[in-house]
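Asker: Below: one structure in structure tokens.
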Amino acid sequence: MIGTPKTAKGRRTVTLDSGTVAALREHRKRQAAERLLMGAGWTDLDLVFCHPDGTMVHPERFSRGFLETVARIGLPRIRLHDLRHGWATMALQAGIHPKVVQERLGHANISITLDTYSHVTAGLHEDAAEQVAALFRTSVGNPLAEGQ
Numbered sequence: 002m003i004g005t006p007k008t009a010k011g012r013r014t015v016t017l018d019s020g021t022v023a024a025l026r027e028h029r030k031r032q033a034a035e036r037l038l039m040g041a042g043w044t045d046l047d048l049v050f051c052h053p054d055g056t057m058v059h060p061e062r063f064s065r066g067f068l069e070t071v072a073r074i075g076l077p078r079i080r081l082h083d084l085r086h087g088w089a090t091m092a093l094q095a096g097i098h099p100k101v102v103q104e105r106l107g108h109a110n111i112s113i114t115l116d117t118y119s120h121v122t123a124g125l126h127e128d129a130a131e132q133v134a135a136l137f138r139t140s141v142g143n144p145l146a147e148g149q
């Protein structure tokens with residue numbers, strides 16, 4: 002089941018951290034070895050994750066495999082799709098600009114991101130108030146800081 006993204010923003014380039022890039026390179030090496038073993042039996046669908054013969058893994062089977070891995074390594078039960086929400090929540094909590102989070106998630110507009118993750122941004126109000134107040138208190142030459 003390969004198709005086009007729901008919106009134009011769904012087709013995007015996403016920068017990855019060096020650890021993820023290294024893991025994907027190792028995966029590609031293993032996949033290249035499988036491809037050589039399969040020879041003419043390889044189906045080239047240009048997939049990152051596929052069966053050893055190159056054919057597509059059904060999304061349900063992929064999700065089931067993820068759940069089995071999570072259980073095997075002793076992590077709390079989490080769905081594959083929850084990783085997306087977890088990343089967005091952690092990014093916003095870490096102070097990543099909401100526009101960056103929106104673009105990485107492929108949301109058509111920022112209101113979708115902010116509406117979906119408002120529980121995170123609401124918790125940041127106190128930090129925002131303190132940070133801006135600190136800027137006013139420490140500003141040199143700021144009339145408000147001088148009591149004018």
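In this text, residue positions in the sequence shown follow my numbering: the first is 2, and each later residue adds one. All C-beta atoms, glycine included, are put in the ideal place defined by N, C-alpha and C. A quick note: this is a predicted structure, and the numbers were derived from the prediction, not measured.
Starting from Asp128 and walking both ways along the alpha helix (DSSP H), at which residues does that stretch end?
Answerer: Residues His126 to Thr139.
Asker: In the DSSP assignment, the alpha helix (DSSP H) including Thr70 goes from what residue to what residue?
Answerer: Thr70 -> alpha helix (DSSP H) spans Pro60 to Arg73.
Asker: Count the other CB atoms, across all protein chains shown, that sit within 10 Å of the CB of Val102; report buried if there are 16 or more and exposed otherwise.
Answerer: buried
Asker: Skipping 5 residues on each side, what residues in its chain have a beta carbon closer than 6 Å to that of Leu81?
Answerer: Ser64 and Phe67
Asker: Beta carbon of Pro99, beta carbon of Ile113: below 8 Å?
Answerer: Between Pro99 and Ile113, the CB-CB gap reaches or exceeds 8 Å.
Asker: According to the Cβ coordinates, are Gly107 and Gly20 closer than 8 Å?
Answerer: With respect to Gly20, Gly107 sits apart: the two C-beta atoms are not nearer than 8 Å.
Asker: Would you give the residue range spanned by the alpha helix (DSSP H) that Lys100 belongs to?
Answerer: Pro99 to Leu106
Asker: Helix or strand or just coil, what does DSSP make of Arg13?
Answerer: coil
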